[in-house]
Amino acid sequence: MSDLHMHWKCTLLFLFSGLSSIGIYGQSAIPVPGGSHTDSWYIYWGWNREVYTRSDIHFQGADYDFTLQDVRAIDRQTKFSVNPYLNPVKMTIPQYNFRLGYYLNDHWNVSLGIDHMKYVMVQRQVVTMNGWIGGDHTYTGTYDERSQRLNKDFLVFEHTDGLNDLNLELRYSSVLGEWPQVTLRHTEGGGVGVLIPRTNTTLLGMERYDEFHLAGWALQVMAGLQLTFFERFLIQSEVKTGLIDMPDIRTTSSVLDKASQHFLFLQGNLVFGVAFGR
């Protein structure tokens, strides 16, 4: 069974279990310790890791049009140190999560967040290539189910500045347990996002496009556990999965050059935050 099919099955199972549990909790609301959350806010910051399914990447321009099939990619984790993880000037360098949320009532909240992920095509992998390349290049020719090694002089393809998912989510939370000044909650939900990557692409030696660009959209679901201390400070761990579709990726300085791809992702994160406005 391919990793794509397995990921879809896991995603559907996650959605089913999440919606079922929301229905159960909705029928039997658990009182919120420490008072109501209604009209209160929360904000958090943390870090993430990702895995991605393989994807077909379609490149097109004035003198080329080809597709690379089943391309492998990984995330890029910044080695942990106080600098840059806790340096206010450099803290956006690692893969991070930022979210601002508003409680509609004791259980439901709506939030706006950004998931700064990194996507790095694995160099020197061999893929199947279809299409053609014109002009005066080392790789000029017609490709029909041909094996192609992805060397740096042919292609570097990375969303490392990064794979930015600006998303709006609706989440449900419920109390699982409480102790003096400590509350354990379960949260789950989903949402939609837009992808604004800053893509580092070197294609056939052409000058790269080094700007942020609206490239596509995302659908995602999540589940997590939250520890709240003194009903104010929170530590939360989340698992998120979803679909990313980018039909308009800028690859060079020319507006004629672009790429497209879609893939599934699985993210794990750990975040720290504070609740306020209660």
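Taking my numbering, the leading residue of the sequence shown gets 6, the next gets one more, and so forth.
Beta carbons: idealized from backbone N, C-alpha and C, even for Gly.
Under the DSSP assignment, Tyr57 falls in the beta strand (DSSP E) whose first and last residues are 46 to 57. Thr165 has no beta-bridge partner at all, per DSSP.
Under DSSP, Ile240 takes part in a beta bridge, and its partners are Leu232, Phe277. DSSP lists no bridge partner for Arg129. Residue pairing of Phe268 in beta bridges, as defined by DSSP: Ile249.
In this structure, His121 sits near Gly167, with a CB-CB distance shorter than 8 Å. The beta-carbon distance between Asp80 and Arg104, rounded to whole angstroms, is 19 Å. This is too long to meet the 8 Å contact definition. Closest option to Val279, judged by alpha-carbon separation, among Leu232, Val125, Thr246: Leu232.
When secondary structure is reduced to three states using DSSP, Val94 falls in the coil class, being assigned neither helix nor strand. Boundaries of the beta strand (DSSP E) around Gly66: 60 to 66. In this structure, the alpha-carbon of Val187 lies about 15 Å from that of His42. Straight across, the Cα-Cα distance linking Lys245 with Glu193 is about 9 Å. Nearest C-alpha to Ser116 among Leu171, Tyr214, Lys157: Leu171. Going by DSSP, Leu208 is part of the beta strand (DSSP E) stretching over 205 to 208. Here Leu239 is near Tyr49, since their CB atoms are less than 8 Å apart. For Gln241, same chain residues with a beta-carbon under 6 Å away, outside a window of 5 residues either side, are Gly229, Gln231, Val276 in chain order. DSSP places Val87 in the helix class (H, G or I) of the three-state scheme. Membership of Phe217 in any beta strand (DSSP E) is not indicated, and neither H nor E is assigned to it by DSSP. The DSSP assignment places 101 to 108, 113 to 126, 131 to 138, 146 to 154 as complete runs of the beta strand (DSSP E) inside the region 97 to 157, in order along the chain (cut-off: 3 residues).
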